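Counting with my numbering, you get residues 1196 to 2130 for the letters of the sequence shown. The beta carbon of each residue, even a glycine, is placed where N, CA and C say it ideally should be. Quick caveat, the model's predicted, so the values are computed rather than measured.
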Amino acid sequence: MANELQPLSLLFQNRLFRIPDYQRGYAWQQSQLADFWDDLINLQQDRYHYIGLLSLKSLGRKETKDWGSDLWMVDKGFKACHIVDGQQRLTTFVILLNEIICFVRELDENKGKKDDEIVLGYDTLKDVVAKYIYQSRPPMNQITTYLFGYEVDNPSADYLRYKIFGEPYSGTVNETYYTKNLKFAKSFFRENLTALYENEGIEGINNLYLKLTLKLMFNIHEIDDDYDVFVAFETMNNRGKKLTNLELLKNRLIYLTTLYSDEKFDEMEKSHLRKQINDAWKEVYFQLGRNENVPLSDDDFLRAHWTIYFAYSRRKGDDYIRFLLNKFSAKNIFEKKTVLMSELPDGYVMDTDYEEEDDVGDTETETIEVSKLAPTEIADYVNSLKNMAKYWYDTFFPAKSENLTKEEQIWVDKLNRIGIGHFRSLVTVIISRRDFSPEERITAFKAIERFIFICFRLGNFNASFCSSEYYRASRSLYLDEMTLEDLVADIVETTDANIEYAIPNFVTKIEKHFSNGGGFYYWNSIRYFLYEYETSLAQKNNIDRIGSWEMFTKTEKDKVSIEHILPQTPSKYYWQNQYRQFTDEEVEMLAGALGNLIPLSQSVNSSLQNDSFYDKKTTKAGRRGYENGCHSEIEVAKYNDWTAENIYTRSKKLLEFMENRWEFSFNNEQLDKLVYVNFAVDGRTVPEKLPVPEEKLIQSKEDTDTHEYSSLDEQQKAFWVNFVKHCNDRNREDIVGRKPLAQNWYDIPVGVNDFLLQFTITRSKYVSLVIYAFDGETFKRLESKKSVIEKVFGNKFDWYSSREKSTAKRIVYKHEADVFNPGKQEELFDWMIEKFDLLVDALVSADELDNEEPSGEKFSEIKKYLESCGKSKISLTFAEVENIIGTELCRSAYTYPVYWKPSKTHTMANTIVAAGYEVISVDLTSKKIDLEKRN
């Protein structure tokens, strides 16, 4: 092996570079390109810059025999090399150098000149091209050989030759994720060269060329044998932009082809297997990068294929790469081996975190017996990988699939819209089984969609629910060990068995949403549900046209695509008069009812949501009226007025649609709880019409209420964002551990399982501090301690604001405030923190939260320990802390990181601070804290 520093000018001295077949494509993106450009531009002319390691493998005649018309350069004396490590940097050099050549050639002063008449630095352009880019074979100059390129004929090789270097070509060049990066690099350098020329002229371009070719130094590392090549690739290429597991696996498989003895597997067979591997990866990369705007994850596909082809382990998300890299290892070429699932060489990366299942212990050891690895096993595996890639692509982009009928595309699209989750592997296999009829596949897709809707969208079950079963089913179906009919029957049976658990969960969730002021608008599947209702109306009306899902879900500033027909803040006279018989709280409930929500075929400015019903129905400047909108809008536009009774009736109609569409039934009690607004038809007396106010007064009121924000959602989110910042500025992270969202509540977990605390805002008038009890039993327990809680808190709570039939109960302390007035928010936030601390103290006094003794008593030993240890940094396990204090920590210490943050009620954290230390990190998995001495 040789090691020496060389600039680009020496590096390209009689060398012919090729990127070998086990390498990935060009992966650098804007951040890496910007860093490279900045390093180059800021390099002083008299200085050198170390650019990194470049590992090369010299190639003999045997290894270049397939190079065809490029071999004349080898005969000429050029040294053929594979780039083992450093290809990303060298590719970047070559792209920039080629762009410099093109840029200088196109300058006005050089138009009409030949390359040998144009000077760059101290070289003619003709010499620069011949040294770094390509040479033509004399005397006819019909064969062009590029000094740098890809060894195999893949999309990146063609793209580099015809799109980057600009060689004329009339054929089609396939584009992938990697070619997109090449294209971006070319554009990036062209734009920056233009800017450099505008600022510094041709002198700036010349200086850049000289620095690029003379001042950036590579550490050249030449590798002698094949074993070193593949080991070097695996160990070196994890620097910078890490290799994916798919890229490393390809390298491993190609390496294994070199290990078989020639007696059992001759060179022709090795070459054929290697071609199969390259063809498989070529197809996989094509499919994963086929949609250049949304490239698919390498590792997600590799893991999914593993569950289909080999096995499924439910313990950890990276089990698949542990298995594959042990299965396809050098030892298995020669001997039988037990594969330990816990083994994994350093440096392998996993892009996607997969949820672990709760019923699996960490101490379990899993072993798999692997027989001697035959070449046919590698061939079978890579051919399966190649074959399944296109079906994996189909699950993401069904509309572009050539393997699905129109009806199949619709149902796979539904699965993507509802959230396909762990079913994607199974759907991939179903599509791949071309012996199934389209009707059979559609039946399976429908069963999966119903499972997802009932178990996840209604039941809110854990995302990993039944994942093990259906990962294994994907393999059974792939191996033809299970019929599609049996699979569908199992999915339907599992769904039906869980309806009795899913519906109560759904009812409880919706009740909480109503308690928090949002109702069905806060349901995370409202868009999917309303879109399905829209689809049903289109079918009923025998009209194929339906608004696009993209338009329906598009998020734009100041615009809405799901509208409250009765506005959330009904400030205009029409709405105030129409609903004058209802209280503010009842109007809020009506606004959040299912029957009051409508999808818009064209999003509108949020400021128009307060328009009267007539104005919403009628097309005018700024909005398309319901009468000319989607099927749902047209249906609503048939009403003369929008009344509470209409909301009640439409709510029942939509819930009936839900029952029919997904084949289940609510009981009467559940239906009443979901309709929620039964008071709308209670027959109450309607007061006299309200007097019509002057329009100017109404407009003034609206301007005052909005405080520069155009929608209630924006006002609410801005309020919580400011509250979180205020708490963080006052070191009260224990209060604001949740992300602020556009909703009217902010939850604060307090380390117990049956209730939480929350702040809510009602319209722009009230802030409430709430104890949110998850069930009636918890409420009764808290109610029994009512006097203690209110005495310590210092104020009375409203204990009975929740509806009698609600499962969850709210205990509310309401405070009147100018909520959305920025000038008064700091004072309001201080009040909220003060009241929160008082409530925590009250709950501690009532034995509802952990009652820790003052630091001088219970935690005095930890204070003594820290004051005497004399260390600037200390790591302690929870067990060690318990040993020091002589008692067990409370459950909050093991559950919530904020337990270790100083606050009025966090005695342990306060004691640590009093001892002169602070907690800098908390690891609940390892049950460990790191402390650092304060200055």
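Using the C-alpha atoms, what's the distance from residue j back to residue i?
i       : j       : result
THR1287 : TRP1223 : 8 angstroms
VAL2117 : ASN1655 : 29 angstroms
TYR1774 : ILE1705 : 23 angstroms
SER2001 : ILE1694 : 20 angstroms
SER2070 : VAL2076 : 10 angstroms
GLU2127 : ALA2110 : 11 angstroms
PHE1591 : SER1846 : 33 angstroms
THR1678 : LEU1497 : 25 angstroms
LYS2058 : PHE2024 : 33 angstroms
PHE1861 : LEU1869 : 9 angstroms
LEU1292 : LEU1407 : 8 angstroms
ALA1594 : GLY1220 : 27 angstroms
LEU2044 : LEU1951 : 11 angstroms
ILE1966 : VAL2007 : 7 angstroms
LEU1936 : ARG1819 : 29 angstroms
LEU1251 : LYS1477 : 23 angstroms
LEU1849 : LEU1866 : 11 angstroms
GLY1281 : GLY1247 : 8 angstroms
ARG1925 : GLY1932 : 14 angstroms
LYS1445 : LYS1465 : 15 angstroms
PRO1334 : ASN1387 : 38 angstroms
ILE2124 : PHE2073 : 7 angstroms
VAL1565 : SER1524 : Any reading at VAL1565 is ruled out, since the residue's pLDDT is 45, under 50, leaving its predicted position unreliable.
Tell me whether the beta-carbon of residue i lies closer than 7 angstroms to the beta-carbon of residue j.
i       : j       : result
ALA2041 : LYS2004 : no
PHE1646 : THR1600 : no
ALA1875 : TYR1843 : yes
LEU1285 : ALA1380 : no
LEU2167 : GLN1763 : Nothing can be reported for residue 2167: it is not among the residues displayed for the chain, which extend from 1196 to 2130.
PHE1481 : LEU1249 : no
PHE1212 : PHE1360 : no
LYS1274 : ARG1332 : no
ARG1485 : TYR1588 : yes
HIS1708 : TYR1696 : no
PHE2054 : ILE2080 : yes
TYR1404 : ILE1295 : yes
HIS1244 : LEU1377 : no
HIS1826 : GLU1758 : no
GLN1776 : VAL1872 : no
LEU1468 : ASN1527 : no
GLU1928 : LYS2030 : no
VAL1683 : ALA1642 : yes
ILE1573 : LEU1448 : yes
Among the options, which has the Cα closest to the Cα of residue i?
i       : options                               : result
GLN1804 : VAL1962, SER1796 and LEU1761          : LEU1761
TYR1392 : LYS1445, GLU1478, PHE1298 and LEU2033 : PHE1298
PHE2133 : SER2063, ILE1930, ASP1230 and THR1703 : A question about residue 2133 goes unanswered here, because the residues of the chain that appear run from 1196 up to 2130.
ILE1415 : LEU1203, THR2106 and TRP1770          : LEU1203
ASP1241 : TRP1770, THR1340 and LEU1409          : LEU1409
ASP1806 : MET1853, TYR1769, THR2082 and GLN1776 : TYR1769
LYS1986 : VAL1947, LEU2033, TYR1726 and PRO1215 : LEU2033
VAL1489 : LYS1811, GLN1771 and TYR1372          : TYR1372
TYR2089 : CYS2064, ARG2129, VAL1947 and HIS2010 : VAL1947
LYS1257 : GLU1978, ILE1625 and CYS1276          : CYS1276
ASN1917 : ILE1943, THR1973 and VAL2014          : VAL2014
PHE1988 : GLY1971, LEU1964 and PHE2073          : LEU1964
ALA1325 : GLY1316, GLU1312 and THR1340          : THR1340
MET2027 : LYS1975, ILE1956 and LEU2038          : ILE1956
> Is it true that the region 1657-1670 meets the region 1608-1621, where meeting means three or more beta-carbon pairs spaced less than 8 angstroms apart?
Replying inline: In this structure the region 1657-1670 touches the region 1608-1621; the number of beta carbon pairs closer than 8 angstroms is three or more.
> Would you say the region 1784-1792 touches the region 1700-1719, given that touching needs at least three Cβ pairs under 8 angstroms?
Replying inline: yes
> Fully enclosed by the region 1944-2023, which alpha helix (DSSP H) runs are 4 residues long or longer?
Replying inline: 1971-1978 and 1981-1988
> At a cut of 8 angstroms, does the region 1630-1650 reach the region 1839-1858 through at least three beta carbon pairs?
Replying inline: Touching, yes, given that three or more Cβ pairs across the two stretches are closer than 8 angstroms.
> Can we say the region 1233-1245 touches the region 1262-1269, given the rule of at least three CB pairs closer than 8 angstroms?
Replying inline: no
> Per the contact definition of three or more C-beta pairs closer than 8 angstroms, is the region 1513-1526 in contact with the region 1438-1447?
Replying inline: yes
> In chain order, which continuous runs of the alpha helix (DSSP H) of length 4 or greater are located wholly inside the region 1659-1690?
Replying inline: With a minimum length of 4 residues, the continuous alpha helix (DSSP H) runs that stay inside the region 1659-1690 are 1662-1673.
> Which ranges does the alpha helix (DSSP H) cover as unbroken runs of at least 4 residues, wholly within the region 1268-1335, from first to last along the chain?
Replying inline: Listed in chain order, they are 1282-1300 and 1320-1327.
> What are the uninterrupted segments assigned as alpha helix (DSSP H) that are 4 or more residues long and contained completely in the region 1458-1491, given in chain order?
Replying inline: 1462-1483
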